[in-house]
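Per my numbering, the sequence shown runs over residues 135 to 220.
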Amino acid sequence: MNIDFTDYLISAVHYSHSGGCIERVYVHENQDGHVGDYTAVSPQWVVQMINLGYTFSTISQSEDGGWIKGRNVIVDNVDGVDCIKI
Numbered sequence: 135m136n137i138d139f140t141d142y143l144i145s146a147v148h149y150s151h152s153g154g155c156i157e158r159v160y161v162h163e164n165q166d167g168h169v170g171d172y173t174a175v176s177p178q179w180v181v182q183m184i185n186l187g188y189t190f191s192t193i194s195q196s197e198d199g200g201w202i203k204g205r206n207v208i209v210d211n212v213d214g215v216d217c218i219k220i
């Protein structure tokens, strides 16, 4: 499926054992409209990339194996700390 919406795509989010903080996200690079392989990165890396001007959105896989765009990912300041908001 051809995807032309953001620079990077997030397909999974892993939370800490307490469930309060995002520890890791699976990020795919948008490769000429196609979803590339994923890399596990920290949410801080995503914040840095957004601050540099790159765009992120969530994706989920459809029943036929294609990808469906979800929400745009933004940076949100929580108690003085920049976090990703999905």
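Each residue gets a CB set at the ideal place from its N, CA and C atoms; glycine is no exception. As the structure is a prediction and not an experimental result, all values here were calculated from the model.
In the structure shown, the three-state DSSP call for V181 is helix. DSSP places L143 in the strand class (E or B) of the three-state scheme.
Taking the CA atoms as reference points, W201 sits about 15 Å from F190.
Beta-bridge annotation (DSSP): H162 is paired with L143, Y172. Uninterrupted beta strand (DSSP E) stretches at least 3 residues long and entirely within the segment 183 to 211 occur at 190 to 195, 201 to 206, given in chain order. In this structure, the CA atom of V175 is about 11 Å from the CA atom of A146.
Annotation for C217: the continuous beta strand (DSSP E) segment containing it runs 215 to 219.
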